[in-house]
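Counting from 1 along the sequence shown, just add 176 to a position and that's the residue number in our numbering. By construction, the Cβ of each residue, glycine as well, lies at the ideal position given by its N, Cα and C atoms.
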Amino acid sequence: MEDSQLKILNISGKRFKKELLISSKEVSTLHIFLKGIINDKVMIINTNVGLDVYYHSSVCYKDLIVNAFLLLTTCSGKSINDFHIKSLNSRIDIENETNRFFDRLIKNPLLFKSYTKSLFNQLKINYNDNSELIDELLALWQTKILETNLDSNILNTMIPHIITLQDTYFETFNQPILKSLIKETLKDTRSN
Numbered sequence: 177m178e179d180s181q182l183k184i185l186n187i188s189g190k191r192f193k194k195e196l197l198i199s200s201k202e203v204s205t206l207h208i209f210l211k212g213i214i215n216d217k218v219m220i221i222n223t224n225v226g227l228d229v230y231y232h233s234s235v236c237y238k239d240l241i242v243n244a245f246l247l248l249t250t251c252s253g254k255s256i257n258d259f260h261i262k263s264l265n266s267r268i269d270i271e272n273e274t275n276r277f278f279d280r281l282i283k284n285p286l287l288f289k290s291y292t293k294s295l296f297n298q299l300k301i302n303y304n305d306n307s308e309l310i311d312e313l314l315a316l317w318q319t320k321i322l323e324t325n326l327d328s329n330i331l332n333t334m335i336p337h338i339i340t341l342q343d344t345y346f347e348t349f350n351q352p353i354l355k356s357l358i359k360e361t362l363k364d365t366r367s368n
């Protein structure tokens with residue numbers, strides 16, 4: 177991962193609402209458009225916390241992504257002033273923002289639980305088409321989670337989702353032995 181070209185563009189509303197910024201149909205439209213221009217390594221995660229566009233490229237596509245997003249949202253009367261936009265273009269930027277984001281989520285357990293569930297469901301759905309992106313993200317998140325002092329309630333919330341995603345991963349390689357070993361390792365009885 178030393179030479180990673182992973183980039184992330186995060187768009188969130190300035191006022192937190194318990195609703196998605198754009199519909200799943202609009203996400204699909206945006207994904208098809210971006211995939212055709214950037215390349216096949218594009219993934220969009222749409223949650224109540226915001227919309228994240230993950231992609232591999234040596235070029236920053238912030239302006240293109242923001243403009244495409246705004247084309248979808250201006251029909252509903254929104255403008256660029258209604259959103260926070262963060263472009264993360266280096267491994268260090270991504271790590272720093274990941275730390276800040278986890279710190280914010282950990283302080284709100286209900287938001288953390290709903291966000292984690294939504295995120296992992298979308299990662300599972302996207303895994304076959306975006307395994308390289310997802311594997312890189314999971315490795316980064318795992319490192320950052322291990323560096324963070326999480327209480328057992330948060331870990332207990334995350335572990336079922338991690339196991340589900342790992343099941344998906346191992347099913348793609350048809351490795352039942354590895355799958356059972358990981359499940360056994362992550363069981364509550366083995367937690368310290």
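Would you mind giving the Cβ-Cβ distance between residue i and residue j, rounded to the nearest angstrom? I have them listed as a contact below 8 Å.
{"i": "Y210", "j": "V229", "result": "Looking at the sequence provided, one finds Leu at residue 210 rather than Tyr. Yes, L210 and V229 are in contact; Cβ-Cβ is about 7 Å, under 8 Å."}
{"i": "K262", "j": "E271", "result": "About 14 Å; that fails the 8 Å criterion."}
{"i": "I184", "j": "L295", "result": "So it is not a contact: roughly 13 Å between Cβ atoms."}
Just the Cα atoms here: how many angstroms apart are residue i and residue j?
{"i": "K254", "j": "K190", "result": "11 Å"}
{"i": "S307", "j": "K193", "result": "30 Å"}
{"i": "W317", "j": "K217", "result": "19 Å"}
{"i": "G212", "j": "L206", "result": "10 Å"}
{"i": "L240", "j": "I214", "result": "10 Å"}
{"i": "I310", "j": "S204", "result": "18 Å"}
{"i": "C251", "j": "D258", "result": "13 Å"}
{"i": "S180", "j": "S233", "result": "9 Å"}
{"i": "I301", "j": "I187", "result": "21 Å"}
{"i": "L235", "j": "S266", "result": "In the sequence as presented, Leu is not what sits at residue 235; that position holds Val. Those two C-alpha atoms are separated by around 11 Å."}
{"i": "M219", "j": "S200", "result": "13 Å"}
{"i": "A315", "j": "I256", "result": "32 Å"}
{"i": "K293", "j": "Y231", "result": "22 Å"}
{"i": "H260", "j": "I208", "result": "23 Å"}
{"i": "Y303", "j": "K289", "result": "21 Å"}
{"i": "M177", "j": "D269", "result": "For M177, the predicted model reports a pLDDT of 40, less than 50, meaning its position is unreliable; a value from the coordinates is still stated below. Approximately 14 Å, taken between the alpha carbons."}
{"i": "N275", "j": "Y291", "result": "16 Å"}
{"i": "L287", "j": "D305", "result": "27 Å"}
For residue i versus residue j, is the C-beta distance shorter than 8 Å?
{"i": "I221", "j": "Q298", "result": "yes"}
{"i": "K320", "j": "F278", "result": "yes"}
{"i": "N224", "j": "E195", "result": "yes"}
{"i": "L227", "j": "E312", "result": "no"}
Legend entry - Three CB pairs or more closer than 8 Å across the segment 239–255 and the segment 277–286: no
Inset, instruction - List in chain order: all unbroken alpha helix (DSSP H) runs of 4+ residues lying wholly within the segment 182–259. - result: 200–213 and 238–249
Inset, instruction - Can you check the segment 258–327 for any alpha helix (DSSP H) of at least 4 residues that lies completely inside it and give the ranges in chain order? - result: 267–282 and 285–323
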